[in-house]
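Below is one structure, written out as structure tokens, with a few remarks after it.
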Amino acid sequence: KWKQMVADDGRQSSSVLPTPSRFLLNLSKPTLPHPQWEEISVMDERNTPMRTYQVCNVMEANQNNWLRTRHISREGAQRVHIEIKFTLRDCNSLPGVPGTCKETFNMYYYESNNANLWFIKESQYVKIDTIAADESFTQVDVGDRVMKLNTEVRDISNLSKKGFYLAFQDLGACIALVSVRVFYKKCPLTVLNLAQFPDTITGGDTALVEVRGVCVNASEEFEAPKMYCSADGGWLVPIGRCVCKPGFEENKDGCQPCRPGTYKASATDAYCTKCPPHSSSPQEQAFECVCERGFYRAETDPRSMACTRSPSAPENPISTVNETCITLEWSPPRDTGGRGDVTYSLHCRKCSGDSRKCTPCGSSIHFVPRQFGLSSPTVLVTDLQPDSNYSFTVESQNGVSDLSPTPKGTVVINVTTSQTVSVVLKERRSKDSVTLAWQGPERPDGAIVEYEVIYYEKREQNYTVLKTRSNMMTVEGLKPGTTYVFRVRARTDGGYGTYGGEIELETSHEDVFPIGDPNQSTILAVSIAGGIVLLVFLVTCFVVSGRHCGYIKAKQDPDEEKMQFQHGRVKLPGSRIYIHPHTYEDPNQAVRDFAKEIDASNIRIERVIGAGEFGEVCSGRLRVQGKREIYVAIKSLKAGYSDKQRKDFLSEASIMGQFDHPNIIRLEGVVTKCKPVMIITEFMENGSLDTFLKKHDGQFTVIQLVGMLRGIASGMKYLSDMSYVHRDLAARNILVNSNLVCKVSDFGLSRVLEDDPEAAYTTRGGKIPIRWTAPEAIAYRKFTSASDVWSYGIVMWEVISYGERPYWEMSNQDVIKAIDEGYRLPAPMDCPVVLHQLMLDCWEKGRSDRPKFGQIVTILDKLIRNPASLRELANSSACREDPSTPELSVNTVDEWLEAIKMGQYKENFSSAGYVSLDSILYISVSELAKMGVTLAGHQKKILSSVENLQSQGTHVQV
């Protein structure tokens, strides 16, 4: 006997299974003397007839009465819910019933691909649950027409076959089964960010179903639109979006075409905008406005830019002659054509005397900074011929000059060069000094003011400039057997002349005076007799005049100046200039400067403990002279390496060798004089932090974890103070020793930020650890100490979660999009509120809003000294209250700080005299900073709460 039992309740979040499943079949045993489950019509409380299945054979023992549905197709659902409504009579209200009377019944299911099964063995069913009534009734209740209806919902998970059967078993109760509703949940069709997401059946108990959205009319994907359908039928974590195509703008129904006179050039623009000046769009749906006659738009110009034209000619040309060098200057054109990209190009012609016949200058002259595409209205022209006439044409142009048929604006500058000053060198040398003498120019252009000598070691980039009024000089303090390069020029009232050639001289290994190289055209042969005369002359000058004659070391002459230059920069006395390993042409030299060479015979390799990018990583012992053996880690460079691999491998040692901090991995030395090339560091017994935490999940106290985090922050503060950016800070790159001391390691991606700690280093490609990297570093490849702070926040999350993978199994692209849309990692289990707040501060979108490492160390020190501040957990019930919770009344400053999760600043407020709620109503950012509240995120949170206090009196919203 069949009976329809299920009705659709119309909810969007669930679907009731189709009509064939809405029937029940009475399967009571036919051998029993009386009917079992019976279909009976009754009246509900509204006097409306309804059909029920009832059974009430409580007077007979050993009841086993079954009621079963037809085959129910699951329609792709993996999880199905069953809602049953029933009434049940209390056994105590039935007089004379035996002790076998029941007040429960059982519910079963059986999965099957067969939709026409008539008989199923009892042993084949899977029990769902034993159903008991929350409310039972008595005979009196029925007489008074008080129906105590019970509603129970159960579910079946992990369904895989085409469908299933439901069955109800009575073992001796008095039951009326009023309705059975079988349904599954789904996420309803929705449109979000111009993407349509279809009805989606939910997954299993906790699984999220990823759904790809489809862009609505006249829109296209900007980022692949996706959402996750949760198990309870709700949409979660919207990622990506669609945007209206060029020529269309968004409205409430989708996308509509741009009206005439407006345009939208890019799909990423939100709305159509009015055409820029000197352009128009006569048709609707325009993605570009057409320029007026005589105006143009370059290919690289944005469509939003006004149409422009060519500039006029430069104005007010000026020339300044310095012998064979000329400085040309001019004023920008009066009309730039409406553009800011005006550049200048020069054309040079050399002219003869009286005939004024001019020819192109050729490639012998040079323009500084360049001849074409100048952005500034000035240029230096060098290597001109003396006593010659030149004509320079300066041409102005902009981004649309090549599109305009009109000639470019030009101005002509005519100049004449003066006579150059040249010098001729001669020399003498010993093992640690070189004596130079030279002749002045034959026809100097004015009186000679001084001579300038520049010299440097041939293989180095550092050079020294010496100045003297004499035409002789002795340069002392040189290295024996070393080649130096010398250059000399004269300065007159008219300016500096050209250098008189370049001469290379090698100091001798012995204290002799070899003659200079006769093959150099700029060196005159110096005879032995001439040398003797020269020495006698020097001694005579010293004895007679009592002062220097120019043949002694330059620094002894008060009229001479000496400056040190290093890597293109002046080296001031007492200043420290960091030389980055990558500036060395020879990586071996960098290693010699920063790392100690170790004899390979002092190293004993014991076992392999891992593999690195360049080769194996082993543990072993290092024998240090005069000390006991120490345990070390040994990185070796694998055979068959390239020159670049060797340079990169040694670069890490050159960086590590400059660090000395208890929370930075210590470099013991390197082996470069034999193979394999090795880097030797201190040995960390517990290995990487992420593996160590996973192995000891839940075994540490919060104070121990905070101590680990404090050590990492201290090491990063040291690096930040040295202007280093690590770029790959993660738990896998933190090593742990036997005392649980954490040390920062792996400097393969490190870069130095010279001069400015806030400067950014821009990479050129390469892989980036997305889950640990700040959004600005991902988007623009710009790394700062602030981006390391973001990574430190992820490390905090890893430590508190005992090595769990950040963002779980989400793809890298989904992580990037979710972060960009404001998503941040939730607090791990048992995470103190103050630690999760510090994580969120590290993940502020603005770099300047994140704390500095020094501030992080201070915060963690305070937490360690005050363990009570770590008791409140972010995932406790108190922290999971509904956002609609009514405002909390507070009476003191301490209560207020606790309510807004800023309890760590109680002492700060008390010491500053803020002891009543009235006193904090007009507090400012500067006052907070003076009190020690320096984190931008904490300042914003406190000031926002103060605004609530101002509007609510003595109440604050939790």
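Using UniProt numbering, the first residue of the sequence shown is number 1, and each one after it goes up by one.
Glycine included, each C-beta is placed from N, C-alpha and C at the ideal position.
For T327, the nearest candidate out of V342, C674, N414 and T48 (CA to CA): For the purposes of this step, residue 327 is taken as residue 327 along the sequence shown, with counting starting at 1. Cα-wise, what sits closest to T327 is N414.
In whole angstroms, what is the alpha-carbon distance linking L380 and L374? Taking the first residue of the sequence shown as 1, we reach residue 380 at position 380. Taking the first residue of the sequence shown as 1, we reach residue 374 at position 374. Taking the straight line joining both Cα atoms gives about 11 Å.
Compute the Euclidean distance between the alpha carbons of A313 and G240, then round it to the nearest angstrom. Your numbering for residue 313 matches position 313 in the sequence shown. Your numbering for residue 240 matches position 240 in the sequence shown. Answer to the nearest angstrom: the Cα atoms are 50 Å apart.
Could you tell me if T420 is buried or exposed, where buried requires 16 or more neighbouring beta carbons within 10 angstroms of its beta carbon? Taking the sequence shown and counting its residues from 1, one reaches residue 420 at position 420. Low confidence applies here, because T420 scores a pLDDT of 48, under 50, leaving its location unreliable; read the following figure in that light. By the neighbour-count rule (16 or more Cβ atoms within 10 Å), T420 is buried.
Just curious, the beta strand (DSSP E) that T492 is in, first and last residue? Residue mapping note: residue 492 aligns to position 492 of the sequence shown, counting from 1. Looking at the DSSP string, the run of the beta strand (DSSP E) that includes T492 is T483 to T492.
C-alpha distance - G261 paired with G254, whole-angstrom precision: On the sequence shown, position 261 is the one that residue 261 refers to. On the sequence shown, position 254 is the one that residue 254 refers to. Between G261 and G254, the C-alpha separation is close to 21 Å.
Please confirm if the region 777-785 is in contact with the region 700-708, defined as three or more CB-CB distances below 8 Å between the two stretches. no
Looking only at its chain, what residues have a beta carbon closer than 6 Å to the beta carbon of V789, apart from the 5 residues adjacent to it on each side? Walking along the sequence shown from the start, residue 789 turns up at place 789. Answer for V789: C842 and R850, listed in chain order.
According to DSSP, what are the bridge partners of C742? One-based indexing of the sequence shown puts residue 742 at position 742. C742 pairs with V736.
Host beta strand (DSSP E) of Q169 (start-end): Residue mapping note: residue 169 aligns to position 169 of the sequence shown, counting from 1. Per DSSP, Q169 belongs to the beta strand (DSSP E) from G163 to D170.
Using a Cβ-Cβ cutoff of less than 7 Å, which residues in the same chain neighbour V946 once the five nearest sequence positions on both sides are dropped? For the purposes of this step, residue 946 is identified with residue 946 of the sequence shown, where counting begins at 1. Counting only Cβ-Cβ distances below 7 Å, and skipping sequence neighbours, we find I920, L921 and I923.
C351 lies in the alpha helix (DSSP H); which residues open and close that run? Here residue 351 refers to the residue found at position 351 when the sequence shown is read from its first residue. It is not in any alpha helix (DSSP H) - C351 instead sits in the beta strand (DSSP E) that spans T343 to C351.
Taking the continuous alpha helix (DSSP H) assigned at Q855, which residues delimit it? Here residue 855 refers to the residue found at position 855 when the sequence shown is read from its first residue. Looking at the DSSP string, the run of the alpha helix (DSSP H) that includes Q855 is F853 to R865.
Measuring straight from C-alpha to C-alpha, what distance separates Y263 and E249? Numbered from 1 along the sequence shown, position 263 holds the residue referred to as residue 263. Numbered from 1 along the sequence shown, position 249 holds the residue referred to as residue 249. When rounded, the distance between both Cα atoms is 9 Å.
What's the gap between the Cα of T681 and the Cα of S811? If you number the sequence shown from 1, residue 681 lands on position 681. If you number the sequence shown from 1, residue 811 lands on position 811. C-alpha separation (whole angstroms): 35 Å.
Roughly how far, in whole angstroms, is the beta-carbon of C174 from the beta-carbon of V58, given that I think they are within contact range, below 8 Å? Counted from its first residue, the sequence shown places residue 174 at position 174. Counted from its first residue, the sequence shown places residue 58 at position 58. Indeed, because the Cβ distance is near 5 Å, the residues count as touching under 8 Å.
Helix, strand or coil at S388 according to DSSP, with G and I counted as helix: Translated into positions along the sequence shown, residue 388 becomes position 388. DSSP places S388 in coil when its eight states are reduced to three.
State the DSSP-derived secondary structure class of E947, mapped to helix, strand or coil. What you label residue 947 is simply residue 947 of the sequence shown in a count that begins at 1. Note: E947 maps to helix in three-state DSSP.
With a threshold of 6 Å on Cβ separation, who are the neighbours of I819 within its own chain once the five nearest residues in sequence on each side are excluded? As a first step, residue 819 is located in the sequence shown; it is residue number 819 there, counting from the start. Counting only Cβ-Cβ distances below 6 Å, and skipping sequence neighbours, we find P775.
Can the beta-carbon of F197 be found closer than 7 Å to that of V211? Residue numbering aside, residue 197 sits at position 197 when the sequence shown is read from its first letter. Residue numbering aside, residue 211 sits at position 211 when the sequence shown is read from its first letter. Yes, they are a contact pair.
Roughly how many whole angstroms lie between the Cα atoms of F392 and S331? Working through the sequence shown from its first residue, we reach residue 392 at position 392. Working through the sequence shown from its first residue, we reach residue 331 at position 331. For F392 and S331, the distance between alpha carbons rounds to 15 Å.
According to DSSP, F367 sits in a beta bridge with which residue or residues? The count along the sequence shown starts at 1 and reaches residue 367 at position 367. Answer by DSSP bridge pairing, in chain order: V381.
Consult DSSP for F222 and reduce its assignment to one of helix, strand or coil. Within the sequence shown, the letter at position 222 stands for residue 222. F222 falls in the strand class under three-state DSSP.
Per the DSSP calculation, Q699 is bridged to which residue(s)? To locate residue 699, count along the sequence shown from 1; it is residue 699. Answer is none; Q699 lacks a bridge partner.
Going straight from the alpha carbon of T410 to that of C307, what length do you get? By one-based count along the sequence shown, residue 410 stands at place 410. By one-based count along the sequence shown, residue 307 stands at place 307. Answer to the nearest angstrom: the Cα atoms are 23 Å apart.
So for L189, helix, strand or coil by DSSP? Position 189 of the sequence shown holds residue 189. Note: L189 maps to coil in three-state DSSP.
On the CB-based measure, 16 or more other CB atoms within 10 Å of its CB, does A115 come out buried or exposed? Residue numbering aside, residue 115 sits at position 115 when the sequence shown is read from its first letter. A115 is exposed by the Cβ-count criterion.
Between Y823, M829, V925 and A827, which has its C-alpha nearest K845's C-alpha? Position 845 of the sequence shown, counted from the start, is the residue given in the question as residue 845. Looking at the Cα atoms, Y823 is the closest of the given residues.
What does DSSP give as the partner residues of F287 in its beta bridges? Position 287 of the sequence shown, counting from 1, holds the residue named residue 287. DSSP output for F287 lists no bridge partner at all.
How long is the line joining the alpha carbons of residue 980 and D199, rounded to whole angstroms? The structure shown does not extend to residue 980, since the chain is modelled only from 1 through 958, so no value can be given for it.
So the alpha helix (DSSP H) residue 962 belongs to, where does it begin and stop? Residue 962 lies beyond the stretch modelled for the chain, which goes from 1 to 958, so this question has no answer here.
With distances taken between CB atoms, is the gap from L735 to M684 smaller than 7 Å? For the purposes of this step, residue 735 is taken as residue 735 along the sequence shown, with counting starting at 1. For the purposes of this step, residue 684 is taken as residue 684 along the sequence shown, with counting starting at 1. Yes.
Could you check whether A265 and F287 sit closer than 7 Å to each other, using their CB atoms as the reference points? Residue 287 sits at position 287 when you count from the first residue of the sequence shown. Residue 265 sits at position 265 when you count from the first residue of the sequence shown. Against a cut-off of 7 Å, the Cβ pair of A265 and F287 comes out as a contact.
Specify the secondary structure class of V671 as computed by DSSP and reduced to three states. Here residue 671 is taken as the residue at index 671 of the sequence shown, counted from 1. In the structure shown, V671 sits in a strand (DSSP, three-state: E or B).
For L829, name the three-state secondary structure that DSSP assigns. Position 829 of the sequence shown, counted from the first residue, corresponds to residue 829. Correcting the residue identity first, residue 829 is Met in this sequence and not Leu. M829 falls in the coil class under three-state DSSP.
Taking the alpha carbon of I448 as the reference point, which residue from R469, K357, A167 and T359 has its own alpha carbon closest? Counting from one through the sequence shown, the residue named residue 448 turns up at place 448. When only C-alpha atoms are compared, the closest one is R469.
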